[in-house]
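Student:
2 protein chains.
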Amino acid sequence: MGRFDIANRLFLRLYQASNLMHKTGTRAVSVFGATTQQWAVLGALSRPAVHQRGMTVKDLIAFLMVSRQNLTAVLDRLEGAGLVERVRIVGDGRLRHVRLTAAGDRNWSEMLASIRDYYADALADFSTEDCLLLFRLLDRLRDSLGRIAGAESE
Amino acid sequence: MGRFDIANRLFLRLYQASNLMHKTGTRAVSVFGATTQQWAVLGALSRPAVHQRGMTVKDLIAFLMVSRQNLTAVLDRLEGAGLVERVRIVGDGRLRHVRLTAAGDRNWSEMLASIRDYYADALADFSTEDCLLLFRLLDRLRDSLGRIAGAESE
DNA sequence: ACTCATATGGCAATACATTGATGGATCAGA
DNA sequence: TCTGATCCATCAATGTATTGCCATATGAGT
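Residue numbers (the numbering used here), protein chains in the order written: chain A, 1 to 154; chain B, 155 to 308.
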């Protein structure tokens, strides 16, 4: 099996695994009316380092690596649900910090139990070493693809 | 770093890598007016084992692991572009074989060069062992997620 | 014949995700 | 002050991707 065939199968698995992640992940948090993308945003905003002041839209885009137009729609839905708020910054009038509301905070805490169960389920037959290995390989692949994506678009 | 944090980062990388794959992959075949999903379908149909008679919709769904409604839309677009045709089967009137048209065959051959370049680019700093390792891990993750997905929906 | 399962297609709703173009508000430097 | 860059938002188009429900046609077994 040559490198082309390996690459072909590798990307097919990436495609399948990603679709299944969205499908099963969204199902895991569906009782909260959430999706995997909203879960990713809430997770980013719940991190201790940014929990207080929130994150700028720009930083969120860089963190999640999605387009601004896409993120705006997700934030609109989260804002509509009252889980997130956009606050103007004192220092720089252009910036807006997106941060969790009190309701968003509670919501995230409740979701966390489901998410833990989901992770445990999805990675049941993966050792911690396997998880780390897969993480590092995906990290490299992401960087590699990000390099291709960024080469022409800036 | 506990298992939860590892899992969290792992799935974020999967999310990012998948988005970047679609973004850069679609760009790589954009001159043919194709997308990564259409590329996946054409690739499935071009395999020697099924090139002649084609595949049933059911088999395509199992191969790509997407929903019927999603695949139907992709097939409609491919059929509209004249790259694919749905043929009735003699043995079983319910089945339809999806197969490449002559135009689809030519189109795929031309795309193949771009795809090879893309694979080489995306996996430039991956050894063959790395590729195999990542493939096997993604394969296991896909199976694991597929097990979760299939547990309740059948 | 009748019934049940299978295979496909259609319609609708919702949510991602991209590109492209446009506009407005703000900041920083010449 | 003017000029350009930055940050955010909006509108539009296209293409995934899911769920749910209904319809049709065919096959298989009783």
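Even glycine gets a Cβ: it sits at the ideal position worked out from N, Cα and C.
From a predicted model like this one, the values you see are computed outputs, not experimental measurements.
When you check each C-beta in the segment 16-27 of chain A against every C-beta of chain B, which residues fall closer than 9 Å?
Tutor: 16, 17, 18, 19, 20, 21, 22, 23, 24, 25 and 27
Student: At a cut of 8 Å, does the segment 294-301 of chain B reach the segment 11-20 of chain A through at least three beta carbon pairs?
Tutor: yes
Student: Quick one: which residues of the segment 60-88 of chain A get their C-beta closer than 8 Å to a C-beta of chain B? List them in chain order.
Tutor: 64, 65 and 66
Student: Since residue 237 of chain B is in the alpha helix (DSSP H), which residue starts that stretch and which ends it?
Tutor: Note, residue 237 of chain B: premise wrong, no alpha helix (DSSP H); not H, not E.
Student: Could you tell me whether the segment 116-134 of chain A touches the segment 72-83 of chain A, using the rule of 3 or more Cβ pairs below 8 Å?
Tutor: no
Student: Below 7 Å on C-beta distance, what does residue 248 of chain B contact in chain A?
Tutor: Think of a sphere of 7 Å around the beta carbon of residue 248 of chain B: no beta carbon from chain A falls inside it, the nearest being about 26 Å out.
Student: So residue 211 of chain B is in the alpha helix (DSSP H); what residue range does that whole segment cover?
Tutor: 211-218
Student: Which residues in chain B have a C-beta closer than 8 Å to the C-beta of residue 49 of chain A? List them in chain order.
Tutor: Going along chain B, no residue has its Cβ under 8 Å from residue 49 of chain A, so there is no contact; the nearest lies around 14 Å.
Student: Taking the beta carbon of residue 307 of chain B as the centre, do at least 16 other beta carbons fall within 10 Å, making it buried, or is it exposed?
Tutor: Low confidence applies to residue 307 of chain B: its pLDDT is 43, below 50, so where it sits in the model is not reliable, and the reading given next is rough at best. So residue 307 of chain B ends up on the exposed side.
Student: Identify whether residue 71 of chain A lies in helix, strand or coil by the three-state DSSP scheme.
Tutor: Three-state DSSP puts residue 71 of chain A in a helix.
Student: State the start and end residues of the unbroken beta strand (DSSP E) segment that holds residue 98 of chain A.
Tutor: 96-100
Student: For residue 161 of chain B, is the classification buried or exposed, using 16 other Cβ atoms within 10 angstroms of its Cβ as the cut-off for buried?
Tutor: buried
Student: Got a sec: is the Cβ-Cβ distance from residue 282 of chain B to anything in chain A below 8 Å?
Tutor: Chain A, which has a Cβ nearer than 8 Å to the Cβ of residue 282 of chain B, makes this yes.
Student: Looking at the unbroken alpha helix (DSSP H) that takes in residue 16 of chain A, where does it start and where does it end?
Tutor: 3-28
Student: Using a C-beta to C-beta distance shorter than 7 Å, which residues of chain B count as neighbours of residue 4 of chain A?
Tutor: Simply 270 and 273.
Student: Answer with buried or exposed for residue 90 of chain A, where buried requires no fewer than 16 other C-beta atoms within 10 angstroms of its C-beta.
Tutor: Looking at its Cβ environment, which holds fewer than 16 other Cβ atoms inside 10 Å, residue 90 of chain A is exposed.
Student: Could you check the C-alpha separation between residue 249 of chain B and residue 29 of chain A for me, to the nearest Å?
Tutor: 36 Å
Student: With a cut-off of 8 Å, do at least 3 Cβ pairs link the segment 48-64 of chain A to the segment 98-108 of chain A?
Tutor: yes
Student: What three-state label does DSSP hand residue 281 of chain B in the structure shown?
Tutor: coil
Student: Determine the extent of the alpha helix (DSSP H) in which residue 245 of chain B is found, giving its start and end residues.
Tutor: No alpha helix (DSSP H) contains residue 245 of chain B, which DSSP labels as neither H nor E.
Student: According to the Cβ coordinates, are residue 60 of chain A and residue 41 of chain A closer than 8 Å?
Tutor: Yes. Within cutoff.
Student: Between the alpha carbons of residue 62 of chain A and residue 203 of chain B, how many angstroms are there, rounded?
Tutor: 43 Å
Student: For chain B, find out if any of its Cβ atoms is closer than 8 Å to the Cβ of residue 40 of chain A; answer yes or no.
Tutor: Yes, residue 40 of chain A counts as interfacial toward chain B.
Student: For chain B, find out if any of its Cβ atoms is closer than 8 Å to the Cβ of residue 125 of chain A; answer yes or no.
Tutor: yes
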